[in-house]
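Enquirer:
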Amino acid sequence: MLVSVSQVRTRRRRSVMALALALALGGLTLDGSAEAAPAEAAPADPAAINVTVNAREGLGVVPDTAYGLNQAVWDTNMNTPASVDLLGRAGVRMMRYPGGSYGDGYHWQTNTVSGGGYVAPGTDFDSFMHTTQAIGAQAILIANYGSGTPDEAAGWVRYANLTKHYGVRYWEIGNEIFGNGYYGADWELDYHDSKSATTYANLVVQYAAAMKAVDPTIKIGAVVTDPGNWPDGVVGAADTGDWNRTVLSIAGPAIDFAIMHYYPSHTTAADVLQQTKLLPGELAQLRQKIDRYAGPNAAGIGIAVTETASNYQSDTQVGGLFAADVYFTALENGVFNIDYWNTRNGMPDNGVTTAPDGTTSYGDGGMISSGNCNSDGVCEPPLNTPFAPYHALQMLSNVARPGDTLVRAGSDNALLAVHAARNTDGGLSVELLNQDPVTAHTVSLHYDGWTPSTATPTVYSFGPRSTAITTAQQGTAGSQIVPPYSIVTVKLRPSPTNPVATALSAPGTPTATAVTATSATVSWRPSAGGPVTRYAVYQQFGTNSILLGDTTATSFTARNLTPGTAYTLNVLATDASGYLSPPSPPVTFTTGTPATSTCAVTYDISGGWGSGFVASITVTNTGPTPVTGWTLAFALPATTESVSGSTWNATFAVNGQNVVVTPAAYNATLAANAANSASFGFIGNQTGANPPPTSFTLNGTVCATTYSP
């Protein structure tokens, strides 16, 4: 994992320094109206792929900060009229500045970068803000941590919001600070004597205090690592915990959001397109860490993914399919902002390859061509030619605009990703991503909680070699043919008999309180727009919904829950006709283990290195009767974690995610009343998230469980 991270940064530096002047070369701006001849159609797959869209299972409302893009001060064309036109038509709503690692060297007053980094003319802060405002977007700014000070950052807030009245709400404290050499890899500028997580966290508190003293309405973000990826789990010499635990424990009370970057591991195009399936687990684990370590305001701390890209043939349909998938996957899992890397990035000398669909990848990590050539004389498309990720970003607004509700959708084929949204105009939009480079698939669409009209739907499509999104009336609400390597959005209108309450708004965001091992109370704000007869509380279970119960009140206590189990619930209002409102945003909670039990377990992750971790378990018999010949059972929650062959002090039997532990001869007896304990453990492998088991049973009894640290 360390190697892939450093390769990302190396390529970025090469783009910045070697290609900066080339970015100033002119070229004609494409207006996006041209359309390439369609690729020769592949035979349709006779076996239909089944897709289910469950309109009852809400995944959250799309915020106006959702669709973001990075801008960099080395890009001469950042603020040209062509950029304003292209970014405006793409629906960009958030612009990040001044450009990745440059954020830790950039001085806003002088428009310079420590260490001599290239800054293109016309890329100063005011020029950036004029472009941002021209397209109706917001700014998210990187306050210089690596070579700056809290006073310098506070001065930027004063200038931006008090002097110029730009109203910049979102401020990151530094970029990828964990890449400052503290854990070995050194790509991020950091002039502080101490490079530790503790130093960073304490200074974040100082930055936040100085900046909010100027404008208390701003939001402050702190850098965290992607769970399950280097350097997550690594404990530095000057810290008592890994980066995330240290930063959240110290800076949590001072921040408003956590900043994660998502660059998935990859070896092939097929591999990188499957990696987004791991992102929900990583985001869930980050949420758990925030809730556990960040203090009393943890529930109010958001998550922003301020950099992401496939980093594999990003300027081809591979990058387009990845971008379409990663934006919605992140938003469906609680992220309020996701920013693609980068607007323009430039063509490196050694990046030309052929994508699976036969198109050329120039190795450009931007959404829009920089129009330069490499030292071999190979040139990418003219300046401002949109690459596939640009059209993928543009397609997002055809699926869901700010205010629309994302809903659960699923496919029975791993090569077809699906996302869906209930639109505020009453319609339903379904995005189908065919990640198969050679085969067209017939998709059979099924709906739960929503009935489509029989009218022919409007379909937006973008495929390989296309230069624009096309629009047609085609297929039916129940069947669509999705070409190879294509992004297809189906726009549906409701049936006149659609069982959806058109007047009622969704109930307000639920909260869970009084969560025990077997129960939880969920409360919400009432629906508006009409009389409500009852509220229905549904549990998400894949693309199926389970009705837990209903009530006339605005709270509900779910009982008979399973200990140590994660639950995601939605609340829907019912009108006088029995029709349901749109779903509320989801609420997720995990039931605990019994407060009192005849056994107790402690689970401790004592270290990690990105691809593995050390887990130690201690079991104690707290009951009045000795236990001889015990069996401890638990399940690893994520498919990305497993028990390796290295275990100690017990025998581990593994069946998928389920683990059964039996004792050695010397620790087979657990004395009564906690007189002794048995301790054992294992080395875990991981390819992503590695959340701890949620419950343990000793000889069938659910134990009281604690986690350390």
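Numbering (mature numbering (1 follows the signal peptide of the UniProt record, and there is no 0)) for the sequence shown: -36 to -1, 1 to 673. Positions of the beta carbon are idealized from the N, C-alpha and C atoms, including for glycine.
At what residue ranges does the region 275 to 360 contain a whole run of the alpha helix (DSSP H), taking only runs of 4 or more?
Expert: 281 to 296
Enquirer: Alpha carbons only, please: which of 541, 94, 68 and 491 is nearest the one belonging to residue 124?
Expert: Along the sequence shown, one-based indexing puts residue 124 at 160. Considering only alpha carbons, the answer is 94.
Enquirer: By how many angstroms is the C-alpha of residue 578 removed from the C-alpha of residue 605?
Expert: Taking the sequence shown and counting its residues from 1, one reaches residue 605 at position 641. Taking the sequence shown and counting its residues from 1, one reaches residue 578 at position 614. One C-alpha to the other measures close to 12 Å.
Enquirer: Check for me: the alpha helix (DSSP H) holding residue 244 runs from which residue to which?
Expert: In the sequence shown, the residue the question calls residue 244 occupies position 280. Here the alpha helix (DSSP H) through residue 244 covers 243 to 257.
Enquirer: What residue range does the alpha helix (DSSP H) around residue 675 cover?
Expert: Since the first residue of the chain shown is -36 and the last is 673, residue 675 is not available in this structure.
Enquirer: Can you list, in chain order, the residues of its chain whose CB lies under 6 Å from that of residue 434, leaving out five sequence neighbours each side?
Expert: The sequence position of residue 434 within the sequence shown is 470, counting from 1. Answer for residue 434: 425, listed in chain order.
Enquirer: On the criterion of 16 or more Cβ atoms from any shown chain inside 10 Å, does residue 181 qualify as buried, or is it exposed?
Expert: Position 217 of the sequence shown, counted from the first residue, corresponds to residue 181. Exposed is the label assigned to residue 181, since fewer than 16 other Cβ atoms lie within 10 Å of its Cβ.
Enquirer: Within 10 angstroms of the Cβ of residue 154, are there 16 or more other Cβ atoms? Answer buried if so, exposed if not.
Expert: In the sequence shown, counting from the first residue as 1, residue 154 sits at position 190. A residue is called buried when at least 16 other Cβ atoms come within 10 angstroms of its Cβ; residue 154 meets this threshold and is buried.
Enquirer: To which residues does DSSP link residue 224 through a beta bridge?
Expert: Here residue 224 is taken as the residue at index 260 of the sequence shown, counted from 1. Paired residue(s): 269.
Enquirer: Kindly provide the ranges of any alpha helix (DSSP H) runs that are 4 or more residues long and lie completely inside the region 150 to 184, ordered along the chain.
Expert: For the region 150 to 184, the continuous alpha helix (DSSP H) assignments of 4+ residues that do not extend past its boundaries occur at 161 to 178, in sequence order.
Enquirer: Residues in its own chain within less than 6 Å of residue 522 by CB, not counting five upstream and five downstream?
Expert: Counted from its first residue, the sequence shown places residue 522 at position 558. Excluding its 5 nearest sequence neighbours in each direction, residue 522 has C-beta neighbours in its own chain below 6 Å: 484 and 512, listed in chain order.
Enquirer: Anyone know if the C-beta pair for residue 300 and residue 473 falls short of 8 Å?
Expert: Here residue 300 refers to the residue found at position 336 of the sequence shown. Here residue 473 refers to the residue found at position 509 of the sequence shown. Not a contact, by the Cβ cut-off of 8 Å.
Enquirer: Among the residues of its own chain, which have a CB less than 7 Å from the CB of residue 200, if the five just before and after it don't count?
Expert: Counting from 1 along the sequence shown, the entry for residue 200 is found at position 236. Excluding residues within five positions, the ones whose Cβ falls inside 7 Å are 146, 147, 160 and 161.
Enquirer: Mapping the DSSP letters down to three states, classify residue 405 as helix, strand or coil.
Expert: Residue 405 sits at position 441 when you count from the first residue of the sequence shown. Residue 405: strand per DSSP, three-state reduction.
Enquirer: For the beta strand (DSSP E) holding residue 235, just list the boundary residues, first then last.
Expert: For this step, residue 235 is matched to residue 271 along the sequence shown. That residue, residue 235, is in no beta strand (DSSP E); its alpha helix (DSSP H) goes 233 to 238.
Enquirer: In or out: residue 235 buried (at least 16 other Cβ within 10 Å) or exposed?
Expert: By one-based count along the sequence shown, residue 235 stands at place 271. Flag for residue 235 reads exposed.
Enquirer: So the candidates are 337, 276 and 349; which of them puts its Cα closest to the Cα of residue 318?
Expert: Within the sequence shown, numbered from 1, the residue matching residue 318 stands at position 354. Here the closest residue by C-alpha is 276.
Enquirer: Give the straight-line distance between the Cα atoms of residue 283 and residue 273, rounded to the nearest whole angstrom.
Expert: Start at 1 with the first residue of the sequence shown, and residue 283 comes out as number 319. Start at 1 with the first residue of the sequence shown, and residue 273 comes out as number 309. Computed Cα separation, rounded: 7 Å.
Enquirer: If I'm right that residue 695 touches residue 225 with Cβ under 8 Å, what's the distance once you round it to whole angstroms?
Expert: Since the first and last residues shown for the chain are -36 and 673, residue 695 lies out of range.
Enquirer: Can you grab the Cα-Cα spacing for the pair residue 560 / residue 661, in whole Å?
Expert: For the purposes of this step, residue 560 is taken as residue 596 along the sequence shown, with counting starting at 1. For the purposes of this step, residue 661 is taken as residue 697 along the sequence shown, with counting starting at 1. In a straight line, the C-alpha of residue 560 is about 13 Å away from that of residue 661.
Enquirer: Taking the straight line between their C-alpha atoms, what separation do you get for residue 420 and residue 237?
Expert: Your numbering for residue 420 matches position 456 in the sequence shown. Your numbering for residue 237 matches position 273 in the sequence shown. Each residue's alpha carbon lies about 31 Å from the other.
Enquirer: Below 8 Å, how does it come out for the region 555 to 571 and the region 534 to 547: are there three or more Cβ pairs, yes or no?
Expert: no
Enquirer: Suppose you measure from the CA of residue 423 to the CA of residue 381; what does that come to, to the nearest Å?
Expert: Working through the sequence shown from its first residue, we reach residue 423 at position 459. Working through the sequence shown from its first residue, we reach residue 381 at position 417. Rounded to the nearest whole angstrom, the CA to CA distance from residue 423 to residue 381 is 17 Å.
Enquirer: Taking the alpha-carbon of residue 12 as reference, which of 88, 110, 377 and 601 has the nearest alpha-carbon?
Expert: For the purposes of this step, residue 12 is taken as the residue at position 48 of the sequence shown. Closest by alpha carbon: 377.
Enquirer: Would you call the region 487 to 497 and the region 447 to 462 in contact, with 3 or more CB pairs under 8 Å?
Expert: no
Enquirer: Flag this pair as yes or no: are the beta carbons of residue 312 and residue 348 separated by less than 8 Å?
Expert: Position 348 of the sequence shown, counted from the first residue, corresponds to residue 312. Position 384 of the sequence shown, counted from the first residue, corresponds to residue 348. No, Cβ-Cβ distance for residue 312 and residue 348 is not below 8 Å.
Enquirer: As a quick exercise: from 91, 614 and 391, pick the residue whose alpha carbon is nearest that of residue 73.
Expert: Counted from its first residue, the sequence shown places residue 73 at position 109. Minimum Cα distance to residue 73 is reached at 91.
Enquirer: Please look up how many angstroms separate the CB atoms of residue 332 and residue 397, rounded, as I've assumed it's under 8 Å.
Expert: Position 368 of the sequence shown, counted from the start, is the residue given in the question as residue 332. Position 433 of the sequence shown, counted from the start, is the residue given in the question as residue 397. Between residue 397 and residue 332 the Cβ distance is about 21 Å, and since that is not below 8 Å, they are no contact.
Enquirer: Identify which residue in 141, 168 and 151 has its Cα closest to the Cα of residue 114.
Expert: Here residue 114 corresponds to residue number 150 of the sequence shown, with the count starting at 1. The residue with the shortest Cα to Cα distance from residue 114 is 168.
Enquirer: For residue 340, count the other beta carbons within 10 Å of its own beta carbon; 16 or more makes it buried, fewer makes it exposed. Which is it?
Expert: Taking the first residue of the sequence shown as 1, we reach residue 340 at position 376. Exposed, because fewer than 16 other Cβ atoms sit within 10 Å of the Cβ of residue 340.
Enquirer: For residue 664, which three-state DSSP category applies?
Expert: By 1-based counting over the sequence shown, the position of residue 664 is 700. Residue 664: coil per DSSP, three-state reduction.
Enquirer: Is residue 407 buried or exposed, if buried means 16 or more other CB atoms sit within 10 Å of its CB?
Expert: Residue numbering aside, residue 407 sits at position 443 when the sequence shown is read from its first letter. With 16 or more Cβ atoms within 10 Å of its Cβ, residue 407 is classed as buried.
Enquirer: Of all the options 78, 254 and 262, which has the alpha carbon lying nearest to the alpha carbon of residue 108?
Expert: Sequence index remark: in the sequence shown, residue 108 carries index 144 (1-based). Out of 78, 254 and 262, 78 has the C-alpha closest to the C-alpha of residue 108.
Enquirer: Please confirm whether residue 218 and residue 288 have their CB atoms less than 8 Å apart.
Expert: Indexing the sequence shown from 1 puts residue 218 at position 254. Indexing the sequence shown from 1 puts residue 288 at position 324. No, Cβ-Cβ distance for residue 218 and residue 288 is not below 8 Å.
Enquirer: If you count every other CB in all the chains shown that lies within 10 Å of the CB of residue 402, and 16 or more means buried, which is it?
Expert: By one-based count along the sequence shown, residue 402 stands at place 438. Exposed: under 16 other Cβ atoms inside 10 Å.
Enquirer: Just to confirm, are residue 494 and residue 467 a CB contact at a threshold of 8 Å?
Expert: Mapped onto the sequence shown, residue 494 falls at position 530. Mapped onto the sequence shown, residue 467 falls at position 503. Yes, the Cβ-Cβ distance between residue 494 and residue 467 is below 8 Å.
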